[in-house]
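Here the structure comes first, spelled out in C-alpha coordinates, and everything after it is commentary.
Numbering (this note's numbering), first residue to last: 7 to 205.
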(Lines of atoms letter the chains of each structure in order from A and count residues from 1; the text may use other names and numbers.)
(Lines give C-alpha, C1' and ligand atoms only; values in the text may rest on other atoms or scores of the structure.)
Protein backbone atom coordinates (compact mmCIF):
# COMPACT_ATOMS: atom_id res chain seq x y z
CA UNK A 1 0.00 0.00 0.00
CA UNK A 2 1.23 3.50 -0.80
CA UNK A 3 0.48 6.34 1.61
CA UNK A 4 1.48 9.99 1.67
CA UNK A 5 1.89 12.41 4.54
CA UNK A 6 1.63 16.21 4.38
CA UNK A 7 2.08 18.76 7.13
CA UNK A 8 2.03 22.50 7.69
CA UNK A 9 2.62 24.23 11.01
CA UNK A 10 -0.52 26.33 11.36
CA UNK A 11 -4.20 26.31 10.44
CA UNK A 12 -3.90 29.18 7.95
CA UNK A 13 -1.13 27.56 5.89
CA UNK A 14 -1.94 25.76 2.65
CA UNK A 15 -1.36 22.07 1.92
CA UNK A 16 -2.08 22.33 -1.82
CA UNK A 17 1.57 22.30 -2.98
CA UNK A 18 2.15 19.01 -1.18
CA UNK A 19 -1.15 17.57 -2.43
CA UNK A 20 -0.25 18.53 -6.02
CA UNK A 21 3.10 16.78 -5.71
CA UNK A 22 1.40 13.59 -4.52
CA UNK A 23 -1.21 13.83 -7.29
CA UNK A 24 1.57 14.09 -9.89
CA UNK A 25 2.94 10.82 -8.53
CA UNK A 26 -0.42 9.15 -9.10
CA UNK A 27 -1.31 8.88 -5.42
CA UNK A 28 -4.97 8.53 -4.43
CA UNK A 29 -6.28 11.39 -2.32
CA UNK A 30 -7.85 8.96 0.16
CA UNK A 31 -4.37 7.60 0.91
CA UNK A 32 -3.04 11.02 1.95
CA UNK A 33 -2.84 11.84 5.65
CA UNK A 34 -2.19 15.39 6.80
CA UNK A 35 -1.85 17.54 9.88
CA UNK A 36 -1.82 21.26 10.51
CA UNK A 37 0.44 21.08 13.54
CA UNK A 38 3.98 21.89 14.64
CA UNK A 39 6.79 19.63 13.51
CA UNK A 40 8.51 19.71 16.90
CA UNK A 41 7.20 16.27 17.90
CA UNK A 42 5.18 13.44 16.38
CA UNK A 43 2.19 13.59 18.69
CA UNK A 44 -0.11 14.50 15.79
CA UNK A 45 -3.58 13.03 15.35
CA UNK A 46 -3.46 11.98 11.69
CA UNK A 47 0.21 11.03 11.72
CA UNK A 48 -0.53 8.55 14.51
CA UNK A 49 -3.44 7.15 12.47
CA UNK A 50 -1.10 6.71 9.50
CA UNK A 51 1.52 4.86 11.54
CA UNK A 52 -1.13 2.45 12.85
CA UNK A 53 -2.18 1.63 9.28
CA UNK A 54 1.32 1.01 7.89
CA UNK A 55 2.49 -2.55 7.35
CA UNK A 56 5.71 -4.18 6.10
CA UNK A 57 6.51 -3.31 2.46
CA UNK A 58 4.12 -0.32 2.46
CA UNK A 59 5.52 2.93 1.08
CA UNK A 60 5.29 6.36 2.73
CA UNK A 61 5.76 9.35 0.41
CA UNK A 62 6.55 12.81 1.77
CA UNK A 63 7.32 16.03 -0.10
CA UNK A 64 10.39 17.00 1.96
CA UNK A 65 12.02 15.86 5.18
CA UNK A 66 10.86 18.94 7.13
CA UNK A 67 7.23 17.97 6.38
CA UNK A 68 7.88 14.84 8.43
CA UNK A 69 9.25 16.89 11.33
CA UNK A 70 11.66 19.56 12.49
CA UNK A 71 13.40 17.87 15.41
CA UNK A 72 16.68 16.20 14.44
CA UNK A 73 16.63 13.33 16.93
CA UNK A 74 12.92 12.65 16.53
CA UNK A 75 13.14 12.54 12.72
CA UNK A 76 15.88 9.91 12.93
CA UNK A 77 13.84 7.92 15.48
CA UNK A 78 10.70 8.01 13.31
CA UNK A 79 12.68 7.06 10.21
CA UNK A 80 14.03 4.00 12.07
CA UNK A 81 10.56 3.20 13.42
CA UNK A 82 9.03 3.18 9.93
CA UNK A 83 11.85 1.48 8.02
CA UNK A 84 13.14 -0.95 10.67
CA UNK A 85 10.37 -1.59 13.21
CA UNK A 86 7.43 -1.53 10.78
CA UNK A 87 9.48 -2.66 7.76
CA UNK A 88 7.98 -0.09 5.39
CA UNK A 89 9.78 2.15 2.89
CA UNK A 90 10.01 5.94 2.68
CA UNK A 91 10.41 8.11 -0.41
CA UNK A 92 11.16 11.84 -0.10
CA UNK A 93 10.10 13.55 -3.33
CA UNK A 94 12.43 16.55 -3.02
CA UNK A 95 15.44 14.31 -2.25
CA UNK A 96 15.52 11.23 -4.52
CA UNK A 97 18.53 9.88 -2.57
CA UNK A 98 16.11 9.35 0.31
CA UNK A 99 14.28 6.41 -1.22
CA UNK A 100 14.72 3.31 0.90
CA UNK A 101 13.28 1.10 -1.86
CA UNK A 102 16.53 1.45 -3.78
CA UNK A 103 19.09 3.07 -1.49
CA UNK A 104 18.62 0.62 1.35
CA UNK A 105 19.44 -2.49 -0.70
CA UNK A 106 23.20 -2.10 -0.77
CA UNK A 107 25.80 -0.89 1.72
CA UNK A 108 26.95 2.18 -0.24
CA UNK A 109 23.38 3.24 -0.96
CA UNK A 110 22.46 2.83 2.70
CA UNK A 111 25.46 4.90 3.81
CA UNK A 112 24.58 7.71 1.39
CA UNK A 113 20.92 7.69 2.43
CA UNK A 114 21.85 7.77 6.14
CA UNK A 115 24.22 10.70 5.64
CA UNK A 116 21.70 12.65 3.57
CA UNK A 117 18.96 11.95 6.14
CA UNK A 118 21.12 13.18 9.02
CA UNK A 119 22.15 16.30 7.11
CA UNK A 120 18.59 17.21 6.10
CA UNK A 121 17.25 16.49 9.59
CA UNK A 122 19.85 18.83 11.03
CA UNK A 123 18.95 21.51 8.47
CA UNK A 124 15.23 21.16 9.32
CA UNK A 125 15.80 21.64 13.06
CA UNK A 126 18.31 24.44 12.46
CA UNK A 127 15.81 26.28 10.26
CA UNK A 128 13.17 25.96 12.99
CA UNK A 129 15.63 27.45 15.52
CA UNK A 130 16.42 30.29 13.11
CA UNK A 131 12.72 31.03 12.60
CA UNK A 132 12.17 31.22 16.37
CA UNK A 133 15.21 33.51 16.75
CA UNK A 134 13.95 35.81 13.99
CA UNK A 135 10.50 35.92 15.59
CA UNK A 136 11.99 36.82 18.98
CA UNK A 137 14.12 39.55 17.39
CA UNK A 138 11.09 40.92 15.55
CA UNK A 139 8.97 40.99 18.71
CA UNK A 140 11.76 42.69 20.67
CA UNK A 141 12.22 45.32 17.97
CA UNK A 142 8.47 45.92 17.78
CA UNK A 143 8.22 46.35 21.56
CA UNK A 144 11.09 48.85 21.46
CA UNK A 145 9.07 50.82 18.88
CA UNK A 146 6.11 50.83 21.25
CA UNK A 147 4.02 48.16 19.52
CA UNK A 148 1.64 46.52 22.00
CA UNK A 149 0.97 42.77 21.84
CA UNK A 150 -2.05 40.83 23.05
CA UNK A 151 -5.58 42.08 23.50
CA UNK A 152 -5.94 45.81 24.00
CA UNK A 153 -6.64 46.72 27.61
CA UNK A 154 -10.27 47.67 28.11
CA UNK A 155 -10.59 51.20 29.43
CA UNK A 156 -12.72 51.87 32.48
CA UNK A 157 -15.76 54.07 31.97
CA UNK A 158 -15.62 57.46 33.69
CA UNK A 159 -18.09 56.38 36.35
CA UNK A 160 -16.40 53.04 37.09
CA UNK A 161 -15.32 54.03 40.59
CA UNK A 162 -18.95 54.70 41.59
CA UNK A 163 -20.19 51.47 39.96
CA UNK A 164 -17.44 49.43 41.64
CA UNK A 165 -18.12 51.08 45.01
CA UNK A 166 -21.86 50.32 44.75
CA UNK A 167 -21.08 46.73 43.77
CA UNK A 168 -18.61 46.27 46.64
CA UNK A 169 -21.16 47.63 49.11
CA UNK A 170 -23.86 45.31 47.69
CA UNK A 171 -26.00 48.23 46.54
CA UNK A 172 -26.17 46.71 43.05
CA UNK A 173 -25.74 43.18 41.78
CA UNK A 174 -23.16 41.88 39.33
CA UNK A 175 -25.47 41.93 36.31
CA UNK A 176 -26.36 45.57 36.91
CA UNK A 177 -22.70 46.50 37.45
CA UNK A 178 -21.76 44.85 34.16
CA UNK A 179 -24.63 46.58 32.34
CA UNK A 180 -23.74 49.99 33.76
CA UNK A 181 -20.01 49.63 33.04
CA UNK A 182 -20.41 47.95 29.66
CA UNK A 183 -17.66 45.50 30.62
CA UNK A 184 -17.30 41.75 30.52
CA UNK A 185 -17.19 39.93 33.82
CA UNK A 186 -13.46 39.09 33.57
CA UNK A 187 -12.49 42.73 32.90
CA UNK A 188 -14.80 44.01 35.62
CA UNK A 189 -13.37 41.66 38.24
CA UNK A 190 -9.81 42.39 37.15
CA UNK A 191 -10.26 46.14 37.63
CA UNK A 192 -12.10 45.72 40.92
CA UNK A 193 -9.47 43.31 42.26
CA UNK A 194 -6.48 45.38 41.18
CA UNK A 195 -8.05 48.62 42.34
CA UNK A 196 -6.70 50.07 39.09
CA UNK A 197 -9.68 52.29 38.41
CA UNK A 198 -9.57 55.96 39.18
CA UNK A 199 -11.22 56.54 42.51
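The C-beta atom is built at its ideal place from N, Cα and C for all residues, glycine as well.
Beta-carbon to beta-carbon, residue 10 and residue 67 are separated by about 4 Å, close enough to satisfy the 8 Å threshold. As computed with DSSP, residue 12 is found in a beta bridge with 40. Taking the Cβ atoms as the reference, residue 97 lies roughly 18 Å from residue 91, outside the contact range of under 8 Å. With 16 or more other CB atoms across the displayed protein chains lying within 10 angstroms of its CB, residue 77 is buried. Residue 179 and residue 173 have their C-alpha atoms some 6 Å from each other. The beta-bridge partner set that DSSP reports for residue 105 consists of 97. For residue 57, the three-state secondary structure derived from DSSP is helix. According to the DSSP assignment, residue 178 belongs to no beta strand (DSSP E), since it is labelled neither H nor E.
In chain order, 183, 184, 187 place their CB closer than 7 Å to the CB of residue 194, counting only its own chain and leaving out the 5 sequence neighbours on each side. Distance from residue 94 to residue 56 at the Cβ level is roughly 10 Å; contact not present, criterion being Cβ atoms closer than 8 Å.
Shown here for residue 50: same chain residues with a beta carbon closer than 8 Å to its own, the five before and five after excluded, namely 13, 41, 43 in chain order. Rounded to the nearest angstrom, the gap between the Cα atoms of residue 81 and residue 70 is 12 Å. Cβ-Cβ distances below 7 Å link residue 27 to 69, 99 in the same chain, with the five nearest sequence neighbours on each side left out; the list follows chain order. Considering only 108, 132, 72, 190, the residue with the shortest C-alpha distance to residue 89 is 108.
Residue 84 is positioned such that its CB atom lies no closer than 8 Å to that of residue 39. Counting the other Cβ atoms within 10 Å of the Cβ of residue 143 gives fewer than 16, which makes it exposed.
With contacts defined by Cβ atoms closer than 8 Å, residue 73 and residue 19 do not form a contacting pair.
Annotation for residue 87: 57 place their beta carbon closer than 8 Å to its own, counting only its chain and skipping 5 residues before and after. Taking all protein chains in view, the Cβ of residue 166 is crowded by 16 or more other Cβ atoms within 10 Å, so the residue is classified as buried.
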